[in-house]
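First up is the structure itself, then whatever we jot down about it.
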Ligand SMILES: Nc1ncnc2c1ncn2[C@@H]1O[C@H](COP(=O)(O)OP(=O)(O)OP(=O)(O)O)[C@@H](O)[C@H]1O
Ligand SMILES: [Mg+2]
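Residue numbers (the numbering used here), protein chains in the order written: chain A, 1 to 226; chain B, 1001 to 1403.
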């Protein structure tokens, strides 16, 4: 078996004040190197919540979460920020590019955050990534001037710029047509194969899920099949 | 810091209209402050300059009624009691001693012994009262700058040669080289030769004052070796009350008058004018600060999605807050620079339009402008503290969840 990337045990997350909603109710999950996995499940079952915990956007209320053997809850705010910057990449359901920057700059943002300055190698890599996602002609376009599918592909390139070991994608094709959806998944698979990046993708599309190495099914804050 | 600056600049550039409006607001605030404070300080400076520029800051006079002193001493000077000598009943006898002490005083930049009298000039049938100041030119120059203010003739005040003002020269129709007859209460008219005409840029002085040699004036007014007063200028005119007070205890027998005491009303008016300027400035700064603060607070809400994304990509809390601190700083700094330029422009226009007739000369206080700009920049940064904190504490999930 591949090396272990993430190990979550008995993850619990509650929302709300007086009336608490258990978004996650004791989730155990292991994700290995280079894995290409999907999470499926009905709306409100806790898929996004789980992804946010894995990506250190939020902290669990209970349970333990380790990345390469390091407990995330023991990290400081700044260490978590560095973890988000270098070790994981996010692709969100809604594209979430910064409209103030052009396509290339959006892709470069995580590398700027990491090093604080423009780096020639990263610049080259960003252009390569944009070519890889088929946007060679749109490099200098302002983020707002791109179509939904193009923005989605820019955000995939952005998730990959710092060569993370894990990419978390929350319904990355949620508002794309089926043909574009197909293209994006092909792209993610190819990247996973070529770069050895692990992917964990939330999707509603069973057809897409069938093509993943592993399907994790959730319901009511628990994993019901894996 | 570089990345934060880059993002801050992009945020400001992206919200162009908003940025321009708040910049304009800051610039107007700064320019109003600069305009106001420059105008007021120039006005005050010229008022003070008019009051003390070419006048004594401190005057030492005899306190005692001369008659009383003579009676006390019971000396042969009793004879002086006879006759009409009211103008001469005061006088400093021991002035050379005082002068010697003044010489050693570091705070005192100039002093000039003075004999004063008010003779009459008969001109085309009318009597004109003038004020004779008996001085030694070298001493008086250090207070009145007489020599450099001679507009015609020569700066000579020796023997029977005297200096008169431009206005008096005009009124009497006497040029340099002309002759003036002075009538004193003591006796016959005495003729003097006008050697030069001065312009001390003060209407009253130019029309009534005559400068004459000290010894000649002593003789004219029959004062013997006495003088009327010692006029003193000090390094810092605003310290004159303190210096005068020290001298009062050193020579309690003489009367010491300082200009601040004599111009108390003027100084009170000036200081209340200054405090109302400060009050206006304070509220302008407050308004500017609140403006920046509210614009940035709105901006944090508008940009919450962007901040969330940036945090998800690894931007730290500190960076997230610095992005807004920098925006506040940049707005304050750029607004101050533009505002300073605008303020100077306003002053120039004000002068061009001739509205500043009452202000003879605008003196730009660069230090003061720097201070106003600095305070506005600091206020801009302070105004961004709260928005910056909100940005730091923004939960990235909240922003990302809502598309
Ligand atoms: N910020 C929040 N505050 C309160 N409750 C929340 C919050 N976020 C999520 N929840 C609740 O937690 C549960 C799980 O939400 P989650 O977003 O993880 O679902 P999901 O599986 O991603 O659903 P969907 O497929 O619709 O995106 C839901 O019942 C939701 O109402
Ligand atoms: Mg979701």
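Beta carbons: idealized from backbone N, C-alpha and C, even for Gly.
By the criterion of Cβ-Cβ separation under 7 Å, what are the contact partners of residue i in chain B?
i	result
residue 52 of chain A	1397
residue 98 of chain A	1306 and 1309
residue 85 of chain A	1313 and 1314
residue 90 of chain A	1312
residue 62 of chain A	In chain order: nothing, as chain B lies at least about 18 Å away.
residue 58 of chain A	1397
Following a CB-centred definition, is residue i positioned closer than 7 Å to any heavy atom of ligand 4?
i	result
residue 219 of chain A	As for ligand 4, it is missing from this structure, which binds only ligand 1 and ligand 2.
In chain A, which residues lie less than 7 Å from residue i when you measure between Cβ atoms?
i	result
residue 1315 of chain B	81 and 113
residue 1003 of chain B	112, 113 and 116
residue 1010 of chain B	100 and 101
residue 1400 of chain B	92 and 96
How would you write the range of the beta strand (DSSP E) that residue i sits in, first residue to last?
i	result
residue 14 of chain A	4 to 15
residue 1194 of chain B	1190 to 1198
residue 20 of chain A	Premise fails: residue 20 of chain A is in no beta strand (DSSP E) and is neither H nor E.
residue 199 of chain A	198 to 202
residue 1119 of chain B	Note, residue 1119 of chain B: premise wrong, no beta strand (DSSP E); not H, not E.
residue 1181 of chain B	1179 to 1183
residue 195 of chain A	Note, residue 195 of chain A: premise wrong, no beta strand (DSSP E); alpha helix (DSSP H) at 178 to 195.
residue 211 of chain A	It is not in any beta strand (DSSP E) - residue 211 of chain A carries neither H nor E in the DSSP assignment.
residue 90 of chain A	88 to 91
residue 1060 of chain B	1058 to 1062
Indicate whether residue i and residue j have their beta-carbon atoms separated by less than 8 Å.
i	j	result
residue 1165 of chain B	residue 1193 of chain B	no
residue 168 of chain A	residue 129 of chain A	no
residue 1148 of chain B	residue 1175 of chain B	no
residue 1146 of chain B	residue 1198 of chain B	yes
residue 1115 of chain B	residue 1210 of chain B	no
residue 27 of chain A	residue 61 of chain A	no
residue 1054 of chain B	residue 1180 of chain B	no
residue 1183 of chain B	residue 1139 of chain B	no
residue 1363 of chain B	residue 1042 of chain B	yes
residue 1313 of chain B	residue 139 of chain A	no
residue 1034 of chain B	residue 1343 of chain B	yes
residue 1253 of chain B	residue 1063 of chain B	yes
residue 1208 of chain B	residue 1130 of chain B	yes
residue 1102 of chain B	residue 1108 of chain B	yes
residue 1241 of chain B	residue 1258 of chain B	yes
For the alpha helix (DSSP H) that contains residue i, what are its first and last residues?
i	result
residue 1298 of chain B	1264 to 1302
residue 1385 of chain B	1385 to 1393
residue 166 of chain A	No alpha helix (DSSP H) contains residue 166 of chain A, which is instead part of the beta strand (DSSP E) from 166 to 170.
residue 225 of chain A	Run containing residue 225 of chain A: none in the alpha helix (DSSP H); it sits in the beta strand (DSSP E), 222 to 225.
residue 1339 of chain B	1317 to 1352
residue 1229 of chain B	Element bounds for residue 1229 of chain B: not the alpha helix (DSSP H) but the beta strand (DSSP E), 1229 to 1234.
residue 1127 of chain B	No alpha helix (DSSP H) holds residue 1127 of chain B; the beta strand (DSSP E) holding it covers 1126 to 1129.
residue 67 of chain A	Not the alpha helix (DSSP H): residue 67 of chain A falls in the beta strand (DSSP E), residues 62 to 67.
Would residue i pass as an interface residue toward chain C - the criterion being a Cβ-Cβ separation below 8 Å?
i	result
residue 63 of chain A	Protein chains in the displayed structure are A and B, and chain C is not among them.
Given 8 Å, three or more beta-carbon pairs between the segment 1098 to 1107 of chain B and the segment 1234 to 1248 of chain B: Enough Cβ pairs lie closer than 8 Å, so yes.
Contact residues within the segment 105 to 135 of chain A, judged by C-beta distance below 8 Å to chain B: Of all residues in the segment 105 to 135 of chain A, 109, 110, 112, 113, 114, 116 and 117 have a Cβ within less than 8 Å of some Cβ in chain B.
Cβ-based contacts, 9 Å cut-off: residues of the segment 65 to 77 of chain A near chain B: Going along the segment 65 to 77 of chain A in chain order, one finds 77 with a Cβ nearer than 9 Å to chain B.
The segment 1045 to 1052 of chain B touching the segment 1260 to 1279 of chain B, judged by at least three CB pairs closer than 8 Å: Touching, yes, given that three or more Cβ pairs across the two stretches are closer than 8 Å.
Three-pair Cβ contact test at 8 Å for the segment 1226 to 1246 of chain B versus the segment 1175 to 1190 of chain B: These segments do not touch.
Under 7 Å (Cβ pairs) to chain A, residues found in the segment 1260 to 1292 of chain B: Look at the segment 1260 to 1292 of chain B: it has no residue with a C-beta under 7 Å from a C-beta of chain A.
Stretch-stretch touch, CB-based, cutoff 8 Å, three pairs: the segment 41 to 48 of chain A with the segment 104 to 122 of chain A: Per the Cβ contact rule, the segment 41 to 48 of chain A is not in contact with the segment 104 to 122 of chain A (fewer than 3 Cβ pairs under 8 Å).
Members of the segment 1013 to 1030 of chain B that neighbour chain A once the beta carbon cut-off is set at 8 Å: Cβ contacts with chain A: 1013 and 1014.
Contact between the segment 170 to 190 of chain A and the segment 56 to 72 of chain A (3+ Cβ pairs under 8 Å): Here the segment 170 to 190 of chain A makes no contact with the segment 56 to 72 of chain A; the two share fewer than three CB pairs at distances below 8 Å.
Given 8 Å, three or more beta-carbon pairs between the segment 1213 to 1220 of chain B and the segment 1114 to 1133 of chain B: In short, these stretches touch, since the Cβ pair count reaches three.
Inter-stretch contact (C-beta, 8 Å, three-pair minimum) for the segment 1002 to 1016 of chain B and the segment 206 to 223 of chain A: Not touching, per the Cβ criterion.
Any 3 or more C-beta pairs closer than 8 Å across the segment 1278 to 1285 of chain B and the segment 201 to 213 of chain A: Taking 8 Å as the limit for Cβ pairs, the verdict is that the segment 201 to 213 of chain A does not touch the segment 1278 to 1285 of chain B.
Sufficient close CB pairs (3 or more, under 8 Å) joining the segment 67 to 79 of chain A to the segment 1012 to 1031 of chain B: The segment 67 to 79 of chain A, when compared against the segment 1012 to 1031 of chain B, does not touch it at the 8 Å Cβ threshold.
Contact the segment 152 to 168 of chain A vs the segment 81 to 97 of chain A: 3+ CB pairs below 8 Å: Result yes; three or more Cβ-Cβ pairs closer than 8 Å.
Three CB pairs or more closer than 8 Å across the segment 1377 to 1387 of chain B and the segment 1320 to 1339 of chain B: Yes: the two stretches touch, three or more of their Cβ pairs being nearer than 8 Å.
Cβ contact (3+ pairs, closer than 8 Å) linking the segment 1344 to 1354 of chain B and the segment 1030 to 1038 of chain B: Flag = yes, the segment 1344 to 1354 of chain B and the segment 1030 to 1038 of chain B touch.
Given 8 Å, three or more beta-carbon pairs between the segment 1363 to 1373 of chain B and the segment 1294 to 1307 of chain B: Touching, no.
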